[in-house]
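Engineer: The sequence shown begins at 15 in our numbering and counts up by one. C-beta: ideal position from N, C-alpha, C; glycine also. The structure under discussion is supplied below as structure tokens; questions concerning it will follow.
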Amino acid sequence: MVFSPLNKVREYKRGALKEFFEHIDALLESDEVKQLDDYRQHYCFSRLQHSIDVAYYSFFLSKLFGWDSKSAARAGLLHDMFLYDCHDDSYKVKSHLRLHPKIALENARGICELNEIEEDIIKKHMWLITMRPPRYKESYIVTFVDKYCALRELCISVTRRCGEKFAARNGYGSLNRA
Ligand SMILES: [Fe+2]
Ligand SMILES: [Fe+2]
15 MVFSPLNKVR EYKRGALKEF FEHIDALLES DEVKQLDDYR QHYCFSRLQH SIDVAYYSFF
75 LSKLFGWDSK SAARAGLLHD MFLYDCHDDS YKVKSHLRLH PKIALENARG ICELNEIEED
135 IIKKHMWLIT MRPPRYKESY IVTFVDKYCA LRELCISVTR RCGEKFAARN GYGSLNRA
């Protein structure tokens, strides 16, 4: 009896995870998205791991508030859709921070059709570094979740020894799909 609310939370989380993957499964099958796993994003984490985590937390929060969680999931997955190493030199890193949302948006448009909210999420996800503020509440969720995930990845990475390239990847970010 005492554990009943906990079971309800677990059940809700399981249902949410299933719904989340229903929204993004087709995108995960595309070659371009699969290639994100070949690039380091933050220290031990591949760009695919980072993108799936951003997508999931954004989906979960949007769902909790009753907002457009499907758009948050899809655009969260595609928000860093660029296929190059951004750690080459400091000049590139600086311009990359401002420019990569536009590159990601162009690449995402080549993978699937995007609605207005999804376009805004991808284009404005670097808000505070880029000046134009997001237009939709889901875009605010993704921009703050992105920053949270970057910080979390940094913290996890400093307590772990990254391998030759980067840490063992499971392909699903920090989620256990089973
Ligand atoms: Fe980004
Ligand atoms: Fe990101």
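With a CB to CB cut of under 7 Å and the five nearest residues on each side skipped, what residues in its chain are close to Thr-157?
Structural biologist: To locate residue 157, count along the sequence shown from 1; it is residue 143. Excluding sequence neighbours, Thr-157 sits near Lys-138, His-139, Trp-141, Pro-148.
Engineer: Taking C-alpha atoms, which residue in Tyr-98, Val-159, Ile-135 lies nearest to Val-47?
Structural biologist: In the sequence shown, the residue the question calls residue 47 occupies position 33. If we check each option's Cα against that of Val-47, Tyr-98 comes out closest.
Engineer: Can you determine whether any heavy atom of ligand 1 sits closer than 7 Å to the C-beta of Asp-160, and answer yes or no?
Structural biologist: By one-based count along the sequence shown, residue 160 stands at place 146. Result yes, Cβ under 7 Å from ligand 1.
Engineer: Between which two residues does the alpha helix (DSSP H) containing Arg-28 stretch?
Structural biologist: Taking the sequence shown and counting its residues from 1, one reaches residue 28 at position 14. Looking at the DSSP string, the run of the alpha helix (DSSP H) that includes Arg-28 is 18–42.
Engineer: Distance check for Asn-121 and Gly-90, CA to CA, integer angstroms please.
Structural biologist: Within the sequence shown, numbered from 1, the residue matching residue 90 stands at position 76. Within the sequence shown, numbered from 1, the residue matching residue 121 stands at position 107. If I take the Cα positions, the gap works out to 14 Å.
Engineer: At which residues does the beta strand (DSSP E) containing Arg-166 begin and terminate?
Structural biologist: On the sequence shown, residue 166 is found 152 positions in, with the first residue counted as 1. Premise fails: Arg-166 lies in the alpha helix (DSSP H), 151–172, not in any beta strand (DSSP E).
Engineer: Helix, strand or coil: which one does DSSP assign to Phe-96?
Structural biologist: Position 82 of the sequence shown, counted from the start, is the residue given in the question as residue 96. It is coil, neither helix nor strand.
Engineer: Output yes or no for whether 8 Å exceeds the beta carbon distance between His-37 and Ser-65.
Structural biologist: In the sequence shown, counting from the first residue as 1, residue 37 sits at position 23. In the sequence shown, counting from the first residue as 1, residue 65 sits at position 51. The answer is no: Cβ separation not under 8 Å.
Engineer: Quick one: does the C-beta of Val-107 sit closer than 7 Å to a heavy atom of ligand 2?
Structural biologist: Residue numbering aside, residue 107 sits at position 93 when the sequence shown is read from its first letter. No, ligand 2 has no heavy atom inside 7 Å of this Cβ.
Engineer: If you drop the 5 nearest sequence neighbours on each side, which residues of the same chain put their C-beta closer than 7 Å to that of Cys-68?
Structural biologist: Residue numbering aside, residue 68 sits at position 54 when the sequence shown is read from its first letter. Residue identity check: residue 68 is Val in the sequence provided, not Cys. For Val-68, where only same-chain residues beyond five positions count, the Cβ hits under 7 Å are Gly-90, His-93, Val-156, Val-159, Asp-160, Cys-163.
Engineer: Identify whether Arg-146 lies in helix, strand or coil by the three-state DSSP scheme.
Structural biologist: Position 132 of the sequence shown, counted from the start, is the residue given in the question as residue 146. Arg-146: coil per DSSP, three-state reduction.
Engineer: Is the beta carbon of Ile-135 less than 8 Å from the beta carbon of Ser-85?
Structural biologist: Within the sequence shown, numbered from 1, the residue matching residue 135 stands at position 121. Within the sequence shown, numbered from 1, the residue matching residue 85 stands at position 71. Yes, the pair counts as a contact, with Cβ atoms nearer than the cut-off.
Engineer: By Cβ distance below 7 Å, which residues in the same chain neighbour Phe-96 in space, the five residues on each side in sequence not counted?
Structural biologist: Residue 96 sits at position 82 when you count from the first residue of the sequence shown. Same-chain partners within the cutoff: His-114, Ile-117, Ala-118, Asn-121.
Engineer: Please name the residue, chosen from Tyr-154, Gln-55, Thr-173, that lies closest to His-110 on a Cα-to-Cα basis.
Structural biologist: Residue mapping note: residue 110 aligns to position 96 of the sequence shown, counting from 1. Nearest option by C-alpha distance: Gln-55.
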